[in-house]
Amino acid sequence: MAHSATQDYSEPASNPQPDYKVYATGWGFKLGLLAAFVSILIWASWLVSMRAGVTNTLTPFDLGLLRFTPPALLLLPILWRGREKIKAVSPILLLGIVCGAGVPFFFLSATGLKYAPASHAGLLILGAYPFFVTLLAVIFYQEKVTRARKIGLGLVCTGVIVLLSLSMLTAAEGTWKGDLLLLAASMFWAVYTVSLRIAGLPPLLSTSLMGFVSFVVLLVLWSTGLVSSGLSEASWDMIAVQLVVQSLLVGLMTGFTYGYAVQKLGAENMAAIGAFTPVLASIIAIPILGETLEAYSIVGLGLVATGVLLASGILKKR
Numbered sequence: 001m002a003h004s005a006t007q008d009y010s011e012p013a014s015n016p017q018p019d020y021k022v023y024a025t026g027w028g029f030k031l032g033l034l035a036a037f038v039s040i041l042i043w044a045s046w047l048v049s050m051r052a053g054v055t056n057t058l059t060p061f062d063l064g065l066l067r068f069t070p071p072a073l074l075l076l077p078i079l080w081r082g083r084e085k086i087k088a089v090s091p092i093l094l095l096g097i098v099c100g101a102g103v104p105f106f107f108l109s110a111t112g113l114k115y116a117p118a119s120h121a122g123l124l125i126l127g128a129y130p131f132f133v134t135l136l137a138v139i140f141y142q143e144k145v146t147r148a149r150k151i152g153l154g155l156v157c158t159g160v161i162v163l164l165s166l167s168m169l170t171a172a173e174g175t176w177k178g179d180l181l182l183l184a185a186s187m188f189w190a191v192y193t194v195s196l197r198i199a200g201l202p203p204l205l206s207t208s209l210m211g212f213v214s215f216v217v218l219l220v221l222w223s224t225g226l227v228s229s230g231l232s233e234a235s236w237d238m239i240a241v242q243l244v245v246q247s248l249l250v251g252l253m254t255g256f257t258y259g260y261a262v263q264k265l266g267a268e269n270m271a272a273i274g275a276f277t278p279v280l281a282s283i284i285a286i287p288i289l290g291e292t293l294e295a296y297s298i299v300g301l302g303l304v305a306t307g308v309l310l311a312s313g314i315l316k317k318r
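Just so we're aligned: 267 in the UniProt record's numbering is position 267 of the sequence shown, and the numbers increase by one with no gaps anywhere.
What follows is the structure, encoded as structure tokens:
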């Protein structure tokens with residue numbers, strides 16, 4: 001029996017197969033696959049642009065302002081028209097959506113990228129989050145974990161441990177701090193993914209909700225003086241690039257493509273496809289940011305990507 005949109009996220013389901021494991025077929029699956037690949041391309045570009053921004057004059061608050069303000073204003077009519085659908089969803093699920101991909105997630109990601117390279121961000125945020133997705137499924141839905149999934153998640157954990165351990169020993173000072181922040185961001189993203197799938201809100205409606213709440217939170221932070229800004233010192237070229245990537249691509253386009261992919265493919269298939277994001281981000285960061293891939297980063301990337309593919313079960317699907 002499928003969950004209703006009003007079901008409390010904290011209540012265990014009577015059926016161990018939750019909604020996020022329902023897959024589309026035919027054209028729905030193909031379009032979901034296309035949306036997933038568009039999403040990972042945007043994610044990789046987002047990680048690189050964030051790293052470029054926070055290592056120059058922009059602050060996490062600046063990037064958040066560029067990320068959430070235009071989508072919040074542009075999608076306000078959609079938010080207003082869909083207010084009844086939002087009221088029908090459990091407040092806990094709504095909290096998971098607005099926190100999981102909103103200001104908390106964004107600030108953790110941006111601050112982490114100030115210390116750690118883009119390759120680490122891709123591996124830790126999008127590589128490790130399937131582990132947290134599974135953890136949520138086990139806790140709240142008593143889902144049974146298959147042997148292949150255990151092996152896959154074990155490889156994911158091994159890759160993360162390799163990255164964290166060796167970055168503490170050999171990487172630049174502070175890199176490990178960034179890695180821990182990125183890992184925390186991964187946990188928030190897992191909460192967002194599962195909440196989004198169970199809530200069943202249309203992609204643009206959930207994007208408008210998350211964007212508007214984040215915009216209001218940023219205004220509150222700015223009015224209280226708790227955040228700093230470097231926009232006045234940034235070049236117009238930097239602001240323009242960030243505006244395109246943060247607002248247009250991440251704020252609007254991927255808000256739809258990711259939500260659509262999760263609905264059509266399921267959270268696990270999306271996690272499997274997302275495993276290629278760290279590799280793509282690392283490749284893009286080499287010519288643009290001048291980053292280099294350390295040996296332990298390559299090992300970590302390989303372990304996490306393999307682990308996610310095994311854990312998702314996509315290799316065993318027809």
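The beta-carbon is built from N, C-alpha and C at its ideal position, and this holds for glycine as well.
| Check | Outcome |
| --- | --- |
| Just confirm the distance between the C-beta atoms of Y115 and T175, as a whole number of angstroms; I'd bet it's less than 8 Å. | 6 Å |
| Does the segment 271-279 come within contact of the segment 297-313, defined as at least 3 CB pairs closer than 8 Å? | yes |
| Can G211 and G251 be called in contact, C-beta distance under 8 Å? | yes |
| With H, G and I counted as helix, E and B as strand and the rest as coil, what does DSSP make of A2? | Confidence at A2 is low in this model, with a pLDDT of 36, below 50, so its placement is unreliable and no value can be given for it. |
| What is the rounded straight-line gap between the Cα of G290 and the Cα of L63? | 21 Å |
| Report the start-end ranges of each alpha helix (DSSP H) in the UniProt domain "EamA" (177-312) that is 4 residues or longer and not cut off at the edges. | 203-223, 236-242, 254-265, 267-274, 277-289 and 295-312 |
| Which residues in the same chain as I151 place their Cβ atom closer than 7 Å to its Cβ, once the five residues preceding and following it in sequence are excluded? | L310 |
| Taking the Cβ atom as the reference point for each residue, do S45 and V245 lie within a distance shorter than 8 Å? | yes |
| Figure out for me which residue from L248, M253 and W236 has the closest Cα to the Cα of N56. | W236 |
| In or out: A240 buried (at least 16 other Cβ within 10 Å) or exposed? | exposed |
| For the alpha helix (DSSP H) that L65 lies in, which residues bound it at each end? | P60 to L74 |
| Three-state secondary structure (DSSP) at V89? | coil |
| Within its chain, find whatever has a CB closer than 8 Å to the CB of F105; leave out the 5 residues flanking it on each side and keep chain order. | C99, A185, F188, W189 and Y192 |
| Put P117 into one of helix, strand or coil per three-state DSSP. | coil |
| Applying the 10 Å Cβ sphere with the 16-neighbour rule, what's the burial state of K264? | buried |
| Which first and last residues belong to the alpha helix (DSSP H) in which I139 is found? | A128 to Y141 |
| Out of I286, R67 and M168, point me to the one whose CA is closest to T207's CA. | R67 |
| Please report the straight-line C-alpha distance between E233 and V145, rounded to a whole angstrom. | 51 Å |
| Assuming Y260 contacts G32 under a Cβ cut-off of 8 Å, what Cβ separation, rounded to an integer in Å, is found between them? | 6 Å |
| Under 6 Å Cβ to Cβ from G307, same chain only, skipping five residues before and after it: list those, please. | G152, L155 and V156 |
| Residues in its own chain within less than 7 Å of L75 by CB, not counting five upstream and five downstream? | L204, T207, S208 and G211 |
| Looking at the structure shown, is V103 part of a helix, part of a strand, or coil, going by DSSP? | helix |
| Cα-Cα, which of I273, T292, G112 and A101 is closest to D179? | G112 |
| Tell me which residues share the same chain as A305 and place their Cβ nearer than 6 Å to its Cβ, disregarding the 5 neighbours each side in the sequence. | A275 |
| For a quick check, are the C-beta atoms of G53 and M238 less than 8 Å apart? | yes |
| As a quick exercise: from V194, V216 and T254, pick the residue whose alpha carbon is nearest that of L93. | V194 |
| Out of curiosity, what's the CA-to-CA distance linking I286 and S119? | 9 Å |
| Quick one, which of S39, P60 and L47 has its alpha-carbon nearest L218's? | P60 |
| With the cut-off set at 8 Å, would you say T222 and L126 are in Cβ contact? | Thr is not the amino acid found at residue 222; the sequence shown has Trp there. No, they are not a contact pair. |
| Taking Cβ positions only, does P117 come closer than 8 Å to chain C? | You won't find chain C in this structure, because it holds only one protein chain. |
| Would you mind sorting T257 into buried or exposed? The rule is 16 or more other CB atoms within 10 Å of its CB. | buried |
| Starting from K30, trace the alpha helix (DSSP H) both ways and give me its first and last residue. | W27 to V54 |
| In its own chain, which residues sit with a C-beta less than 8 Å from the C-beta of S282, not counting the 5 before and 5 after it? | A118, S119, G122, E291, L293, S297 and L301 |
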